[in-house]
Amino acid sequence: MLEIRPISEHDQVWIETLLREHWGSTVQVTRGRLHDASRLPGYVAVYHHERAGLITYRVEGNAYEIITLDSLVEGQGLGTALVQAVREAAFEAGYKRLWLITTNDNLTALRFWQKRGFSLVQVHRNAVADSRRLKPEIPLTGEHGIPIRDEIELEAIL
Ligand SMILES: CC(C)(COP(=O)(O)OP(=O)(O)OC[C@H]1O[C@@H](n2cnc3c(N)ncnc32)[C@H](O)[C@@H]1OP(=O)(O)O)[C@@H](O)C(=O)NCCC(=O)NCCS
Numbered sequence: 003m004l005e006i007r008p009i010s011e012h013d014q015v016w017i018e019t020l021l022r023e024h025w026g027s028t029v030q031v032t033r034g035r036l037h038d039a040s041r042l043p044g045y046v047a048v049y050h051h052e053r054a055g056l057i058t059y060r061v062e063g064n065a066y067e068i069i070t071l072d073s074l075v076e077g078q079g080l081g082t083a084l085v086q087a088v089r090e091a092a093f094e095a096g097y098k099r100l101w102l103i104t105t106n107d108n109l110t111a112l113r114f115w116q117k118r119g120f121s122l123v124q125v126h127r128n129a130v131a132d133s134r135r136l137k138p139e140i141p142l143t144g145e146h147g148i149p150i151r152d153e154i155e156l157e158a159i160l
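Read in the working numbering, the sequence shown has 43 at position 41, and its numbers run on one by one without any break.
Structure representation (structure tokens):
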């Protein structure tokens, strides 16, 4: 009952709503750069005939960067399948590096990515203060009441 398909133009309103609800805006900041995730390529997870997950990515230089990943039905394999779709797209296009930024508070994500072959490659200390200047919606406190301060860079070599 799980289907992963590329984003289509019919998904636009749903994507914008999801991103605003989950991330405060459609814009994400990674390494000091703004990305409007609602304009990026990606995949939608359709679970029991309903849209239930989204991954977006961009391509720059020699790498694919995952910009957002959201699952509305956790623990049923949607997140894993969405990451797998981007991993395959990158590999088939001949890219060797897939990377992403998460924040220090996101323990769920740190567990999720590491169990799916991603390694922590850098901690960009206090980088979120700069990101907040570009995106004031970023909260001061995240999961478990942890102050959101550092950008953590993870990568998978394909
Ligand atoms: C991180 C996130 C995307 C994971 O999505 P998900 O759909 O729950 O992912 P999965 O179901 O593939 O995997 C989650 C867990 O469920 C387990 N699982 C997978 N398929 C399952 C199934 N059919 N039945 C029960 N459990 C299952 C997995 O083993 C995994 O556990 P693990 O991490 O201990 O290995 C989701 O928690 C989320 O949207 N978080 C908020 C946004 C966020 O932080 N995004 C990442 C930003 S960098």
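All C-beta atoms, glycine included, are put in the ideal place defined by N, C-alpha and C.
Since the model is a prediction, treat every value here as computed from it, not as a measurement.
Problem - Contacting residues, own chain, Cβ-Cβ under 7 Å from Gln30 (five flanking each side not counted) - result: His37, Ala39, Ile69, Thr70
Problem - His126, enclosing beta strand (DSSP E) - first and last residue - result: 121-126
Handout entry: Proximity of Gln124 and Glu155 at Cβ, strictly below 8 Å
Key = yes
Practice task
Report the residue from Glu145, Lys137, Arg99 whose alpha carbon sits nearest the alpha carbon of Val61.
Solution key: Arg99
Handout entry: Candidates Tyr66, Trp101, Val85: closest to Ala92 by CA position
Key = Tyr66
Problem - Gly144 and Asp107 closer than 8 Å at C-beta - result: yes
Exercise for the section: Quick one: measure Cβ to Cβ for Gly55 and Ala47, integer angstroms, because I've assumed they're closer than 8 Å. Expected result: 3 Å
Handout entry: Cβ pair Ala129, Glu153 closer than 8 Å
Key = yes
Problem - CB contact flag (Val75, Ile57, <8 Å) - result: no
Problem - Collapsed DSSP secondary structure at Gln78 in the structure displayed - result: coil
Practice task
Check whether the Cβ of Phe93 sits closer than 7 Å to any heavy atom of ligand 1, and report yes or no.
Solution key: no
Exercise for the section: Buried or exposed for Ser173, please, with buried defined as at least 16 other CB atoms from any protein chain shown within 10 angstroms of its CB. Expected result: What is shown of the chain runs 3 to 160, which leaves residue 173 out entirely.
Practice task
Could you tell me which residues DSSP pairs with Leu100 in its beta bridges?
Solution key: Tyr66, Ala158
Practice task
Output yes or no for whether 8 Å exceeds the beta carbon distance between Leu4 and Leu80.
Solution key: yes
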